[in-house]
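Q:
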Amino acid sequence: MERQAILYPLFVMVLITFAVVYGQFFINFRALKQKDVRLSFYKLFKSDDETPHYLDAARMHYRNMFEVPILFYVLVLFLYFSNTVTALDVILAWLFVGGRFAHFLVRSFHYDDVPIRFRCFAFSVIILTIHWILVMIK
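So the sequence shown is residues 1444 to 1581, counted in the working numbering.
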């Protein structure tokens, strides 16, 4: 197995992360333009008024992209630089990214559908846990 193959799922995760980052930018711009929040809100991300639900959901989505995926990035880089990439590693990496992409789609277009969102999240976390355990056993 070519060790570079493990980098392709990482690249897709980076693209998903950039999509969330730019989505966050546009959602915040829309909130300001529609006067759902004042500019002072962004000083501490607090307001005297209630923050719109769509803005809270977008901020949570952004935050999620820098939690569990960090463990994925570390794992991929470890496999790549230790030159121990196997076909199973690549398959598990793509499964994780597939789960995160499904989570991204649900968060981006159906953020109220918590059960589906949770299943996507749980799937990706379980895959990543299994992958880490297999690497530790190796």
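Note that beta-carbon positions come from the ideal geometry of N, C-alpha and C, so glycine has one too. Since the structure is predicted, the reported quantities are computational estimates derived from the model, not experimental observations.
Excluding the 5 residues preceding and the 5 following His1574 in the sequence, name in chain order all residues of the same chain whose CB lies nearer than 8 Å to its CB.
A: Locating residue 1574 in the sequence shown gives position 131, where the first residue counts as 1. Here the set comprises Leu1518, Asp1532, Leu1535, Ala1536, Phe1539.
Q: Can you give me the C-alpha to C-alpha distance between Leu1482 and Phe1521, rounded to a whole angstrom?
A: For the purposes of this step, residue 1482 is taken as residue 39 along the sequence shown, with counting starting at 1. For the purposes of this step, residue 1521 is taken as residue 78 along the sequence shown, with counting starting at 1. Roughly 42 Å separates the two Cα atoms.
Q: Apart from the five residues on each side of it in sequence, which residues of its chain come closer than 8 Å, Cβ to Cβ, to Pro1512?
A: Indexing the sequence shown from 1 puts residue 1512 at position 69. Taken in chain order, the residues that qualify are Met1456, Thr1460, Arg1543.
Q: Return helix, strand or coil for Leu1548, following the three-state DSSP convention.
A: Counted from its first residue, the sequence shown places residue 1548 at position 105. In this structure, Leu1548 counts as helix in the three-state DSSP scheme.
Q: Quick one, are the C-beta atoms of Tyr1505 and Ile1449 less than 8 Å apart?
A: Along the sequence shown, read from residue 1 onward, the residue named residue 1505 stands at position 62. Along the sequence shown, read from residue 1 onward, the residue named residue 1449 stands at position 6. It is not a contact, given that the beta carbons lie outside the stated cut-off.
Q: Cβ atoms of Tyr1516 and Leu1475: under 8 Å apart, would you say?
A: Stepping through the sequence shown from its first residue, residue 1475 is reached at position 32. Stepping through the sequence shown from its first residue, residue 1516 is reached at position 73. In this structure, Tyr1516 does not lie closer than 8 Å to Leu1475 by Cβ.
Q: Can you give the Cα-Cα distance for Thr1494 and Phe1472, rounded to whole angstroms?
A: As a first step, residue 1494 is located in the sequence shown; it is residue number 51 there, counting from the start. As a first step, residue 1472 is located in the sequence shown; it is residue number 29 there, counting from the start. Roughly 14 Å separates the two Cα atoms.
Q: Taking the alpha-carbon of Tyr1497 as reference, which of Ala1545, Ser1551, Asn1507, Met1444 has the nearest alpha-carbon?
A: Indexing the sequence shown from 1 puts residue 1497 at position 54. Comparing Cα positions, the closest option is Ser1551.
Q: For Arg1502, which option in Asp1479, Thr1529, Val1463 has the closest C-alpha, if you only look at C-alpha atoms?
A: Reading the sequence shown from its first residue, position 59 is the one you call residue 1502. The residue with the shortest Cα to Cα distance from Arg1502 is Val1463.
Q: If distances are taken between C-alpha atoms only, which option among Ala1530, Leu1514, Leu1571, Ser1567 comes closest to Gln1447?
A: Here residue 1447 corresponds to residue number 4 of the sequence shown, with the count starting at 1. The shortest C-alpha separation from Gln1447 is found at Ala1530.
Q: In terms of residues, what are the limits of the alpha helix (DSSP H) holding Met1444?
A: As a position in the sequence shown, residue 1444 is number 1, starting the count at 1. Where Met1444 is concerned, there is no enclosing alpha helix (DSSP H), given that its DSSP letter is neither H nor E.
Q: Near Tyr1485, which residues of its chain fall below 8 Å by C-beta distance, leaving aside the five closest residues on each side in sequence?
A: Taking the first residue of the sequence shown as 1, we reach residue 1485 at position 42. So the list reads Asn1471, once near-sequence residues are dropped.
Q: In whole angstroms, what is the alpha-carbon distance linking Val1549 and Phe1566?
A: Reading the sequence shown from its first residue, position 106 is the one you call residue 1549. Reading the sequence shown from its first residue, position 123 is the one you call residue 1566. The straight-line gap from Cα to Cα measures roughly 14 Å.
Q: Measure how close the beta-carbons of Met1579 and Val1528 come, nearest whole angstrom, since I'm counting them as under 8 Å.
A: Residue 1579 sits at position 136 when you count from the first residue of the sequence shown. Residue 1528 sits at position 85 when you count from the first residue of the sequence shown. No, Met1579 and Val1528 are not in contact; Cβ-Cβ is about 16 Å, not under 8 Å.
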